[in-house]
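To start, the structure under review is shown below, and the notes come after it.
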Amino acid sequence: MLADGKTAYAVAKHISEKYADIPELAKVNKMTISRHIKKKDEDRIENKLQEKKDPMGVVEQEFNTKMRQNILDAESMNQLVMSYKNKLDADDLTTKDLATMLKAWQTANDQMRKNLVSLREYTDNHIIKPTQNIIYKKEINVKNMLVDYARELCPECRKKISKIIDIGEDEYDL
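Following this note's numbering, the numbering of the sequence shown begins with -14 at its first residue and continues without gaps.
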């Protein structure tokens, strides 16, 4: 349903109504679906990060994929407008055709604007934020690992490690 453009709210409503007899599914709401989408995006990007080991490369690949789709959509709309322009050039254009051409041009223009806004939102919500979350989690894991190692060191070394990872010594009970 999400792939068909349904909102998280619509998906949650559909699931909770269709499976009302199953307690776990009857409780599904917009937030549940949103968390599922967020987790799915993070998993997808984390898999790509494991393959490429380059966060910028993953972001660039995701962005380029979405941009290519927008370009294909724009080309499709451009071909429609050009077909009406060819009729105009051949003096084979009626008033109805002219109105249809203008509507097609307006639709193409509106679609391009929506695609650009959509690309920005998609990039923020499905590429940048999940990538930042993954990187942040990895940084936390590294800091926690250093704190664990520091517990095994002498007090002076613990203080040095604490300063290196820029965390107060008391915070982790080193």
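Where is the CB? At the ideal position from N, CA and C, for every residue including glycine.
Between the alpha carbons of residue 116 and residue 30 lies a gap of roughly 7 Å. The alpha-carbon of residue 26 is positioned some 8 Å away from that of residue 112. Within the segment 44 to 123, the complete alpha helix (DSSP H) segments at least 4 residues long are 80 to 107, listed from N- to C-terminus. In this structure, residue 69 places its C-beta atom within 8 Å of the C-beta atom of residue 89. Residue 17 and residue -5 do not touch by the CB rule: their CB atoms are close to 13 Å apart, not below 8 Å.
Looking at 14, 118 and 148, the one whose alpha-carbon comes closest to that of residue 28 is 118. With at least 16 other beta carbons inside 10 angstroms of its own, residue 135 counts as buried.
In this chain, the alpha helix (DSSP H) harbouring residue -2 covers -7 to 3. Assigned with DSSP and collapsed to three states, residue 133 falls in helix.
In this structure, the straight-line span from the alpha carbon of residue 74 to that of residue 54 is close to 30 Å. For residue 149 and residue 102, the gap between their C-alpha atoms comes out near 42 Å. Of -9, 105 and 36, the smallest CA-CA separation from residue 15 is found for -9.
Taken atom to atom, the span from the alpha-carbon of residue 59 to that of residue 96 is near 8 Å.
A distance of 8 Å or more separates the beta carbons of residue 93 and residue 129.
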